[in-house]
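> What follows is a structure written as structure tokens; I'll ask about it next.
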Amino acid sequence: MKLNSIVDNRMLNETETLIALEQLILNVSHTLDSELLTHRRNEQKLRAYARQCCDLIPVFKQLISQDFQLMFPVDQFKRVLDIANRLFLQYGLTEQEIPYVDQYNEICQAMYVSPAAFQWDRRKFHDQECNNRVELEMYLGNLIQKHCKTLWVRVELKYFSDSLDEISILDVDRHFKAFRKRLSDKDTCFRDLVGYAWALEQGGETGAYHVHLLLIYNGSLRQSEWKIASEVCALWENMTDGLGTAYNLQDAKHRATYQATGRDGLGLVERKDVSKIANAFRLALYLTQPEKYDQRLRAKLPKMRTFACGQFKPSPYMLRQSYRSAKEFELPF
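When you read off a place in the sequence shown, starting at 1, and then add 11, the result is the number in our numbering.
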């Protein structure tokens, strides 16, 4: 979604705006903390930040008018609107005038977020990812117990760079909901699917939205993981009206490095092959990395999930075998 804000002589889209807001809040907070430690004023730098802030006020107003919620620390920018409104009512200052008067500092103070607040949000993200990791490990272990052969396929769903101006988190939610509906139907490229996991992220240089997708098929019934992944990529591209693209991780060049070092976790995974199982688990657990704080979403719809895996109900036989299987499939990491 192209927004009406120009920074560095270019119009920003939604993802760029969210990243710009976050980075500005980080810069201002770091500068103000530095002032407290060194007792040295950084007026020139803070005035420049105040100008950037005031340039972003119109686009922030557009963001909060949308049907989604902004996440920390971008949501803290709402305090800037309160200060800007008060300065206009009290002094008649417009957003363009604030950086050039003494009240610029009030705008900077409104953007300030303490180190403790950042640490708390990082910890919350870390704990959630750890919980996701435990859930995913248990789920994958159950699948390995049930199926002697599984076929593991990895795809990254994303959008073309030149289509990012048209994409909002609202579009991502709509596209991916429709895609998940097809996945749950288990037809065409999802035939014989026995398991899945996905993680929705926002990252990279442009802060673009993307989905890491793991698909697990019955390895006794399906072969040719590259062909399956290509069909999944084509489905995503079709369902996004040409705005989306996808990356097939079964690509020979991408996979060659892992194969050469004995770390390939894609393709056929047999229950008896403990080394291949360990590689497959490493591949899957990339979806739940506590260190990927910078890849989190900056905007969400209410109750929107950023991670999910399939549901698995062990049979009575599997429950009786749980202790033996736990030892048999213990992973070396």
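From the three backbone atoms N, C-alpha and C, an ideal C-beta is built for every residue, glycine too.
Could you pull out every residue in the same chain whose Cβ sits closer than 7 Å to the Cβ of P313, ignoring the five residues on either side in sequence?
Excluding residues within five positions, the ones whose Cβ falls inside 7 Å are Q80.
> Under three-state DSSP, which class holds M22?
Reduced to three states, the DSSP call for M22 is strand.
> DSSP state of T256, grouped into three classes?
Three-state result, T256: strand.
> With DSSP collapsed to three states, give me the class of N229.
Correct three-state label for N229: strand.
> Give, in chain order, every unbroken run of the beta strand (DSSP E) that is at least 3 residues long and sits entirely within the segment 279 to 322.
The segment 279 to 322 contains these whole beta strand (DSSP E) runs: 318 to 320.
> How about the segment 63 to 73 and the segment 95 to 110: do they share at least three Cβ pairs that are nearer than 8 Å?
Yes, the segment 63 to 73 is in contact with the segment 95 to 110.
> Less than 8 Å between the CB atoms is what I'm expecting for A219 and L298, so what's the real figure, rounded?
That belief does not hold up - the Cβ atoms of A219 and L298 are roughly 17 Å apart, past 8 Å.
> Which same chain residues, not among the five before or five after D78, have their C-beta less than 8 Å away from its C-beta?
Once the five neighbours on either side are set aside, the close Cβ partners of D78 are L181 and L312.
> Take every Cβ of the segment 116 to 132, pair it with every Cβ of the segment 82 to 92, and state whether three or more of those distances are shorter than 8 Å.
Because the criterion of three Cβ pairs below 8 Å is met, the segment 116 to 132 and the segment 82 to 92 touch.
> For G321, which residues of its own chain have a beta-carbon under 6 Å away from its beta-carbon, when the five flanking residues on both sides are left out?
Closer than 6 Å at Cβ, skipping near neighbours: G206 and Y207.
> DSSP three-state call for L57: helix, strand or coil?
DSSP places L57 in helix when its eight states are reduced to three.
> Return helix, strand or coil for G152, following the three-state DSSP convention.
If DSSP states are grouped into helix, strand and coil, G152 belongs with the helices.
> Of the residues I36, L204 and V145, which one's Cα is nearest the Cα of A11?
Absent from the model: residue 11. The displayed extent of the chain is 12 to 344, so no value can be given.
> Taking the C-alpha atoms as reference points, what is the distance between E177 and Y304?
Each residue's Cα considered, the two are about 25 Å apart.
> Let's see if you can read the secondary structure: which residues bound the beta strand (DSSP E) around T161?
Where T161 is concerned, the enclosing beta strand (DSSP E) stretches over K160 to Y170.
> Rounded to the nearest angstrom, what separates R282 and V124 at their Cα positions?
Cα to Cα, the separation comes out at about 50 Å.
> State the Cα-Cα distance for the pair Y102 and V112, rounded to the nearest angstrom.
Their backbone Cα atoms lie some 11 Å apart in a straight line.
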